[in-house]
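Please read the structure below before turning to the comments.
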Amino acid sequence: MRPLYVAVVGSGPSGFYAAAALLKQREPAIHVDVLERLPTPWGLVRFGVAPDHPKIKSVSAVFDKTAAHERFRFFGNIELGRDVEAAELAARYDAVVYALGAPADKRLGVPGEHLAGSVAAGDLVGWYNGHPDHTGVPVAEYLTARRAVVIGNGNVALDIARMLAMPAQELRATDIADHAIPVLERSSITEVVVVGRRGPLQAAFTPAELRELGALDGVDVRVDPADLEAVSDADAEAAGSTVALNIAALREFARREPAPSARRTITLRFCSSPVELRGDDRVRSIVLERNALHTGEDGRVLAEPTGDREELAAGLVIRAVGYRGIPCPGLPFDERRGVIPHVDGRIEGRRHEYVSGWIKRGPSGIIGTNKKCAGDTVKTLLADLASAELPARDPDHHRHLAEWIRSRRPGLVTYDQWQVVDAHERALGEPAGRPRVKLCSIPELLRVAHSRAGQPTTGRKTT
Ligand code: NAP
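Residue numbers (this note's numbering): 14 to 476.
Shown next, in the form of structure tokens:
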């Protein structure tokens, strides 16, 4: 059987895991071309994982191994819908896997959400992680206030609370974007309030991330013991070990005395929903309404507004209520769920087009979750191709594909060129003991990628 040619669009964890699963196939051999909008690979590993979590980022070594495979090619700085169309990929490749992630944020749908100082989690996370799309977020203006409010009870909310509360000098040893360090050092924030609409038993965050808050230097964590009164140990155990450990950590926080030396406080509030953001030109306060919990017909615990409202002064409100996929030109889209509809990873109504990761199943799970998700999709793809009648391909098809892609985007970035950027960033970080100093603008990334040293040493990944 002739070799197969598969394009993977998106180079975050789900794209790389899909590539790895495809490359594992020996017969027929599969050539994998990964196309990426940015000049840099790794998606949320570079732009989502918090800078003080370097261990989680070490998965990039696994991606490097995949990229070193002789049948792998990377084409960065090329955008679907602008430089190439989905239909063109479908015509040239035997199959296409879309691993596009969930780059948009869910909205709260409350008045005042549009005000300056009301920020989507993705914008703030992208800003401190040096994502080229988010470097312009005027965070310094918002950190002149004393209080920040983070809406949501997931791990993204906790990442953000930690980043806003922790001593900024500790971030100097990380790969946080350089522009974020002085802004966080000058921050006037003294309290970060994390608001969950349901109770402690329903929180989506996980125990390790929760306990980290309690270990921050100079930071008090406050939990109102009343929020835990209705939670019995039996309820916590019945909800599983993650919830039980969360409850144990929250009880420990609720028992703590405020430390006189604390410079900042993280307050965890439950059973409250934002109903309005108030301000003139920018956010000055947020109105929260207390919720009562009741169990719905499907057994899910629901939050019901009680009418009991309170206004909190705040200069920054962050919506960390989940991400959303965005529609991709030429592909179907489920507006309600923010995903591409599929059956077992095969895009609904399409022949050899597939999805993997957050654009397939929605924004949930840790990085490793994408390995199984991508593996399942690749299983469907292989079964489909095994029984399909495929068009004959020219013996030079592999080279022609690269020529076609280059003709669409002459300034693209190969993996060799990315590795020049990678080495450059690591070298910049070395004198200060940092993992890297990130280049945060596309022109700067391209300048280094295309510098003389950045020319590919072999033709393997470019031809
Ligand atoms: P998430 O885990 O789904 O949490 C979203 C939170 O927002 C939930 O508490 C949800 O409450 C709340 N919410 C949704 N709509 C709301 C509304 N209209 N008003 C108020 N609250 C609302 O999402 P995430 O925090 O964005 O994280 C995404 C995924 O990445 C998760 O799987 C997470 O674990 C993972 N992640 C992991 C790490 C890590 O391992 N360190 C770090 C970051 C992210 P309800 O439950 O009531 O809907």
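Heads up, the beta-carbon is just placed ideally off N, CA and C, and yes, glycines get one too.
Under the three-state reduction of DSSP output, F29 falls in the helix class.
In this structure, the beta-carbon distance from M179 to L229 falls below 8 Å.
In this chain, G388 is not harboured by any beta strand (DSSP E); it is covered by the alpha helix (DSSP H) spanning 382-399. DSSP, read as helix, strand or coil, puts R282 in strand. Sequence-distant Cβ neighbours of T390 in its own chain, meaning closer than 6 Å and more than five residues away, are G358, Y367, S369. Beta-carbon to beta-carbon, F60 and H144 are separated by about 4 Å, close enough to satisfy the 8 Å threshold.
In this structure, the alpha-carbon of A262 lies about 35 Å from that of R349. Across the set L241, G227, R297, the C-alpha of G227 shows the shortest separation from the C-alpha of R269.
Counting of Cβ neighbours within 10 angstroms places P271 among the exposed residues, the total staying below 16. Secondary structure of L57 (DSSP, three-state): helix.
In this chain, the alpha helix (DSSP H) harbouring A74 covers 73-80.
Comparing C-alpha distances from V45 to each of Y30, L57, S454, G56 shows the shortest one belongs to Y30. DSSP places H410 in the uninterrupted alpha helix (DSSP H) bounded by 410-421. Judged by their CB atoms, L329 and A174 are not nearer to each other than the 8 Å cut-off. Taken atom to atom, the span from the alpha-carbon of R322 to that of L290 is near 13 Å. Boundaries for T157: no beta strand (DSSP E) harbours it, and the DSSP string shows neither H nor E there. Between V196 and A153, the C-beta gap is smaller than 8 Å, which places the two residues in contact. Using a Cβ distance threshold of 8 Å, S27 and A387 count as a contacting pair. Every unbroken stretch of the alpha helix (DSSP H) spanning 4 or more residues and falling wholly within the segment 422-465 is given here in chain order: 428-442, 455-462. The criterion of a C-beta distance shorter than 8 Å is not satisfied by D188 and R460.
For G212, the closest alpha carbon among the candidates L281, A251, D146 is that of L281. Going by beta carbons, V62 and V21 fall outside the 8 Å limit. I69: not part of any beta strand (DSSP E); member of the alpha helix (DSSP H) spanning 67-70, first to last residue.
Going by beta carbons, G424 and N166 fall outside the 8 Å limit. Here K68 is exposed: its Cβ has fewer than 16 other Cβ atoms, across all protein chains shown, within 10 Å. Within the same chain, and ignoring the five residues on either side of D435 in sequence, the residues whose Cβ sits closer than 8 Å to its Cβ are R449. A129 and V163 have their C-alpha atoms roughly 15 Å apart. The closest heavy atom of the ligand NAP lies 7 Å or more from the beta carbon of H127. D321 carries a strand assignment under DSSP once its states are collapsed to helix, strand and coil. Short of 8 Å from the beta carbon of I455, and not among the five residues preceding or following it, lie these beta carbons of its own chain, in chain order: L51, P52, N90, P145. Between P345 and G362, the beta carbon gap of about 6 Å places them in contact (Cβ cut-off 8 Å).
With contacts defined as CB atoms closer than 8 Å, P318 and L121 fail to qualify as a contacting pair. Taking 7 Å as the cut-off, one finds no heavy atom of the ligand NAP near enough to the beta carbon of H144.
For L301, the uninterrupted beta strand (DSSP E) segment begins and ends at 296-308. Here DSSP, grouped into helix, strand and coil, assigns E242 to helix.
Membership of Y141 in the alpha helix (DSSP H) is indicated by the continuous run 134-141.
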